[in-house]
Amino acid sequence: MHPAPSVIFFTTFSGLGFGLLAWLGIGAPDVTGWTAFAFFAIAYAMAVGGLLASTFHLGRPERAVKAFTQWRSSWLSREAWCAVGALVVMGLYGAGLVFLGERYALLGILGAVLSLLTVFTTSMIYTQLKTIPRWNMPLTPVKFLSISVAGGALLAGQVQIAVLLLLIVGGVQLLAWMQGDKAFASAGTTLGTATGLGARGAVRAFEPPHTGTNYLLKEFVHEIGRKHAQKLRIISLGLMVVLPVILLLLPFSHFIAVLALASHIAGVLTARWLFFAEAEHVVGLYYGKR
Amino acid sequence: MTTLPDKTDKKLGLVIDLDTCVGCHACVISCKGWNTENYGAPLSDQNAYGADNSGTFLNRVHSYEVQPDTGAAQLIHFPKSCLHCEDAPCVTVCPTGASYKRVEDGIVLVNESDCIGCGLCAWACPYGARELDQAAGVMKKCTLCVDRIYNENLPEEDRQPACVRTCPSNARHFGDLSDPDSDVSKLVAERGGMDLMPEQGTKPVNKYLPPRPKDTLPDTTEEFDILAPFLAPVAEEPKGFLGWLDKTLEKL
Ligand code: SF4
Ligand code: SF4
Ligand code: SF4
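Which chain is which? The protein sequence lines are X and Z, in order. Quick note on this note's numbering: the first sequence kicks off at 1 and runs consecutively. Quick note on this note's numbering: the second sequence kicks off at 291 and runs consecutively.
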């Protein structure tokens, strides 16, 4: 899949933002007044900024509001509802904390649930696609949720739990790579099934339908990016998990915490880039590519 | 709604004959022509006269080589357009309701004025049958020429898809695949029509007819050109002026 920067930024930052909102919703940290304002400002900047970035890849962004209509069948539509629901509920809850110094616990918990549901629905947009076997597995939502909750914990200053969650993220990511590497083969789609000619012999793409490129090749076939995949996996795991964990185990200082966060975000961005660049769409088979 | 109908009254679709398709791409051109001038946004081209050209097409023809374990390889031309799947994953993922499957005939269509161009339906289609038009920003796909097949302004013989009407080798057939007595259903039954990527669970309506087995060539040590005796050369050695020319040229 083409790793579009808008989608990589959207999933990374909205995941972090909603992760932080979930922690704020359960009162960790238990802040009020200006401190609460600062936390909520960061969370909203990330969540809303990410959502805005996601509209950049739309062909007709001016009609985006129509995306609320099909929640019965479409995960993208459900994501839109959850995101707006979470932002509204958490906005009310945040206003209580900032302006009234009051914590409406139930509202916070509802907001936290909606925030996590937003991340879950985002992950389901990818997970549901049978056409991309690497994404089409239960570990995909587990990965998105664990990264969001761990990053949120880092942002929320929940150091001990963040260390634990980061280690979980590392484990889930490793498992996802291991399963993902086998996914295309076990899905069983080949050029033979794609053309129905597989039983007659070895099928080879002889001539493409066009001399130039097209939307399908630009969007779904991204072979170059995978050349350095192994190195990038190590880099992303190091930045996303290993370095932040080491930094957090050092004696606490704000500078080190910021460093751990920056490293984590860079790692998630790299992992998210790989998530797209390594994903192979079955349509590539028709072109003799993956 | 982008939920799929439980059942459609008809299953209109195409039957594509891989045996007779000669790979001329006439269906590609007629499809582009008709669908640029009619339903919805035109099918745009980008940088059409430059080096890096691309454009939107609803139907494309691939060519594949099949090498059996023994014997000669076979070249097969392979036209591909939307298969109007019964369990169309492209429809259910659409957040806006722009993509839908019609209850009356099973045609999968995009209502372009509702489409936000998110591209998710193209991600969900295993066959590459949807392309986001780069000029209009909306999703384009085969309409089964819905603006021809019911069009009373056209003469009767033209009320079929442009690609079917154009095909010079009759490799594309149009009809109702839910009716076992229709010509297309009979063709599918006779020739063993098949689904593409059945493991994807899309239940395509369009069917592909496999190529027939190739004629086997007779033993090449024997004479097999029946016209050869009649075409035996009359003069083995050139004589006269031609003979002189031949010799002179050879000496050079
Ligand atoms: S071929 Fe693709 S676009 Fe057409 S109905 Fe099936 S999934 Fe949808
Ligand atoms: S590109 Fe248009 S038709 Fe396709 S899923 Fe998005 S809104 Fe629906
Ligand atoms: S049925 Fe019409 S729109 Fe579909 S491939 Fe044929 S010509 Fe194109």
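A virtual CB, placed ideally from N, CA and C, is assigned to each residue, including glycine. A quick note: this is a predicted structure, and the numbers were derived from the prediction, not measured.
DSSP beta-bridge partners of residue i
i             : result
residue 355/Z : 204/X, 365/Z
residue 318/Z : According to DSSP, which records beta bridges pairwise, residue 318/Z is partnered with nothing at all.
residue 304/Z : 464/Z
residue 165/X : DSSP, once it has assigned bridges, lists no residue as partnering residue 165/X.
residue 371/Z : 349/Z
residue 309/Z : Looking at the DSSP assignment, residue 309/Z forms no beta bridge with any residue, so it has no partner.
residue 399/Z : 390/Z
residue 497/Z : 305/Z
residue 430/Z : 421/Z
residue 90/X  : In the DSSP output, where bridge partners are listed per residue, residue 90/X has none listed.
residue 335/Z : 345/Z
Cβ shell of residue i (< 7 Å), same chain only, five flanking positions each side left out
i             : result
residue 268/X : 12, 147, 151, 240
residue 235/X : 270
residue 456/Z : 316, 317, 320
residue 404/Z : 386, 387, 388
residue 86/X  : 18, 21, 111, 114, 115, 118
residue 314/Z : 458
residue 121/X : 75, 78, 79, 82
residue 484/Z : 497, 498, 500
residue 493/Z : 375, 376, 377
residue 28/X  : 156, 158
residue 284/Z : As displayed, chain Z neither begins before 291 nor continues past 542, which places residue 284/Z out of reach and without an answer.
residue 319/X : What the structure shows of chain X is the stretch from 1 to 290, and residue 319/X is not part of that stretch, so it cannot be assessed.
residue 295/Z : 391, 393
residue 441/Z : 449
Cβ-Cβ separation, residue j to residue i (assumed contact under 8 Å), whole Å
i             : j             : result
residue 345/Z : residue 335/Z : 4 Å
residue 205/X : residue 108/X : That pair is no contact at about 55 Å.
residue 132/X : residue 76/X  : Actually they do not touch by this definition, with Cβ atoms about 15 Å apart.
residue 422/Z : residue 412/Z : 6 Å
residue 256/X : residue 243/X : Residue 256/X to residue 243/X, Cβ: 11 Å. No contact.
residue 26/X  : residue 272/X : Residue 26/X to residue 272/X, Cβ: 26 Å. No contact.
residue 45/X  : residue 14/X  : That pair is no contact at about 11 Å.
residue 420/Z : residue 431/Z : 5 Å
Whether residue i touches residue j by CB criterion (8 Å)
i             : j             : result
residue 134/X : residue 280/X : yes
residue 434/Z : residue 305/Z : no
residue 165/X : residue 149/X : yes
residue 356/Z : residue 201/X : yes
residue 237/X : residue 154/X : no
residue 383/Z : residue 128/X : yes
residue 195/X : residue 490/Z : no
residue 601/Z : residue 488/Z : This structure does not reach residue 601/Z, given that chain Z is present from 291 up to 542, and the question cannot be answered.
residue 370/Z : residue 381/Z : no
residue 379/Z : residue 66/X  : no
residue 50/X  : residue 10/X  : yes
residue 298/Z : residue 461/Z : no
residue 232/X : residue 175/X : no
residue 24/X  : residue 37/X  : no
residue 163/X : residue 89/X  : no
residue 101/X : residue 32/X  : yes
residue 451/Z : residue 464/Z : yes
Closest by C-alpha distance to residue i, when choosing among the options
i             : options                    : result
residue 351/Z : 533/Z, 328/Z, 488/Z, 453/Z : 453/Z
residue 429/Z : 49/X, 176/X, 59/X          : 59/X
residue 83/X  : 43/X, 227/X, 266/X         : 43/X
residue 286/X : 417/Z, 520/Z, 462/Z        : 417/Z
residue 312/Z : 293/Z, 353/Z, 296/Z        : 353/Z
residue 365/Z : 445/Z, 347/Z, 503/Z, 530/Z : 503/Z
residue 73/X  : 293/Z, 424/Z, 410/Z, 367/Z : 293/Z
residue 203/X : 444/Z, 539/Z, 363/Z, 348/Z : 363/Z
residue 264/X : 177/X, 170/X, 211/X        : 170/X
residue 5/X   : 53/X, 41/X, 16/X           : 53/X
residue 103/X : 266/X, 210/X, 14/X, 30/X   : 30/X
residue 228/X : 64/X, 274/X, 179/X         : 274/X
residue 211/X : 325/Z, 339/Z, 333/Z        : 339/Z
residue 347/Z : 253/X, 95/X, 290/X, 215/X  : 215/X
Own chain, CB closer than 8 Å to residue i, minus 5 neighbours either side, in chain order
i             : result
residue 300/Z : 394, 395, 396, 466, 468, 469
residue 329/Z : 433, 436, 437
residue 199/X : 192
residue 218/X : 2
residue 220/X : 1, 2, 281, 283, 284
residue 249/X : 163
residue 343/Z : 335, 336, 337
residue 226/X : 277, 278
Close Cβ partners of residue i (< 6 Å) along its chain, the five nearest in sequence each way excluded
i             : result
residue 303/Z : 374, 467, 495, 496
residue 401/Z : 388
residue 144/X : 119, 123
residue 186/X : none
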